[in-house]
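What follows is a single structure, written as structure tokens, with notes after it.
Next comes the structure, spelled out in structure tokens:
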């Protein structure tokens, strides 16, 4: 998929919208912390390019970079340790909401899911966030069950991957708002310098 030429016709526009158009063209799941997208414009992408070439062109001038954690997903992120460009409200989070256009109208519900996922992963030493990166994608049913859970890329350990999926898959969440865009994608990310692991925080 990543080496196949695809025709693109994406004009310069707000980055979140450009990423959605890129995802439609490539059929890849586009994952990006929504805070990194606000206020950024894309570079236009026209003509035939591979998925990797196109995302690099699209992100030119944004200060962001693309990473391919799995064959069917691309993650847009700040390079290296520049996560400080994300909103301060997320500084202590181990899990980001990362859909390309974000679920901004339902930020409260998504934040609740983040807390529940963190809580589930902190319960077992094998799944505690801080040392691995993994994108989780799932639907929440009308009864609050986690459905269709899958991951993009792996944590580096097949046993840990299975334990993560089992822990998150057992969650029973509040019923989602009827107009919540789904599936939901969350990125479990490694600790950053100066940020204390949420599992070590009181009440975390």
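Residue numbers (UniProt numbering): 1 to 204.
We treat Cβ as the ideally placed atom computed from N, Cα and C, and that holds for glycine.
Endpoints, the beta strand (DSSP E) within which residue 188 is located: 184-188
Cutoff 7 Å; reference residue 65; Cβ partners in own chain excluding five residues on either side: 59, 77 and 79
May I have the straight-line CA-CA distance separating residue 205 from residue 129, to the nearest angstrom? The structure shown does not extend to residue 205, since the chain is modelled only from 1 to 204, so the question has no answer here.
Using CA atoms only, rank isn't needed, just tell me which of 158, 72, 186 and 43 is closest to residue 63. 43
Please say whether residue 187 and residue 15 have beta carbons closer to each other than 8 Å? The criterion of a C-beta distance shorter than 8 Å is not satisfied by residue 15 and residue 187.
According to DSSP, is residue 75 part of a helix, a strand, or is it coil? strand
Alpha carbon to alpha carbon, how far is residue 121 from residue 109? Give it in angstroms, no decimals. Computed Cα separation, rounded: 19 Å.
Contact check, residue 5 vs residue 49 under 8 Å by CB: the rounded distance? 7 Å
Would you call residue 3 buried or exposed, if buried means 16 or more other Cβ atoms sit within 10 Å of its Cβ? When all chains shown are included, residue 3 counts as exposed.
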